[in-house]
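Structure record follows, encoded as structure tokens.
Residue numbers (our numbering): 961 to 1047.
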């Protein structure tokens, strides 16, 4: 998992059927001190995050554990909204 900030959304009217129903968000990976860390990425939003929120992001097969998601093409997903970070 890693910390990211939601910075935008993606509108894709034509996409693979396994992505239907998922909101796709542009995220900026962040360090624990909330400075940017790397390039922006796209992640499926499982929790209803909004632009400007800090989120937890999972990647790989672990974000497809639920039966309905096993065959999806999702490789990165927002899995939590961060309330506070204490370092």
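We put the CB at the ideal spot given by N, CA and C, even for glycine.
- DSSP places residue 1019 within a strand segment (E or B) once states are collapsed to three.
- Residue 1033 carries a coil assignment under DSSP once its states are collapsed to helix, strand and coil.
- For residue 1005, the beta-bridge partners assigned by DSSP are 983 and 1038.
- Under DSSP, residue 996 forms a beta bridge with 990.
- Residue environment: residue 1005 is assigned as buried (16 or more neighbouring CB atoms within 10 Å of its CB, all protein chains considered).
- With 16 or more other CB atoms across the displayed protein chains lying within 10 angstroms of its CB, residue 990 is buried.
- Residue environment analysis places residue 998 among the exposed positions, since fewer than 16 neighbouring C-beta atoms fall within 10 angstroms of its C-beta.
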